[in-house]
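These notes concern the structure reproduced below.
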Amino acid sequence: MENLNTDAEISFRFNHLDKMQAFTLEREILGAFRNNHVENNRYVVCVPLTDKNFDDINDYYVRQRVEIDDCDIFISVSADSGTNSIDIPTIVNRMLKYIDCKLTFSFTVV
36 MENLNTDAEI SFRFNHLDKM QAFTLEREIL GAFRNNHVEN NRYVVCVPLT DKNFDDINDY
96 YVRQRVEIDD CDIFISVSAD SGTNSIDIPT IVNRMLKYID CKLTFSFTVV
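Numbering (our numbering), first residue to last: 36 to 145.
What follows is the structure, encoded as structure tokens:
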């Protein structure tokens, strides 16, 4: 099958931040955005996983002492029905060497 149209968005997610941590992260890292869904006063903040943000994500993770179970790399793929594969950028492997968190995938056929 032919790769017609495939888009992948890759983010590092901090899934269990308090309000101050969430607001701080949004101000410190370019492109970080807070999920409006708040449960038990805990916030989810997504940061695009890019070369520019790589060190900032790692520094924030260490400085805030985030638990490994409270973060993940979120890979969201949107594809045409004719698509059968996608290459994941090597930055994902690189991040896993520093922060060995889980991978979460979302796949949508449009």
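Quick reminder that beta carbons are idealized off the backbone N, C-alpha and C, glycines included.
N92 - containing beta strand (DSSP E), residue span: The question names Asn, yet the displayed sequence has Ile at residue 92. Looking at the DSSP string, I92 is not in any beta strand (DSSP E); the run it does join, the alpha helix (DSSP H), is 86–98.
For L65, the first and last residue of its enclosing beta strand (DSSP E): No beta strand (DSSP E) contains L65, which DSSP labels as neither H nor E.
R100 versus R48 - alpha carbon distance: 14 Å
Residue nearest to L137 in terms of C-alpha spacing, selected from E44, K87, I110, I64: For clarity, residue 137 is Lys in the given sequence; the question names Leu instead. Checking every option, the nearest Cα to that of K137 belongs to I110.
Spatially closest choice to L65 from M130, N76, C81, by CA coordinates: C81
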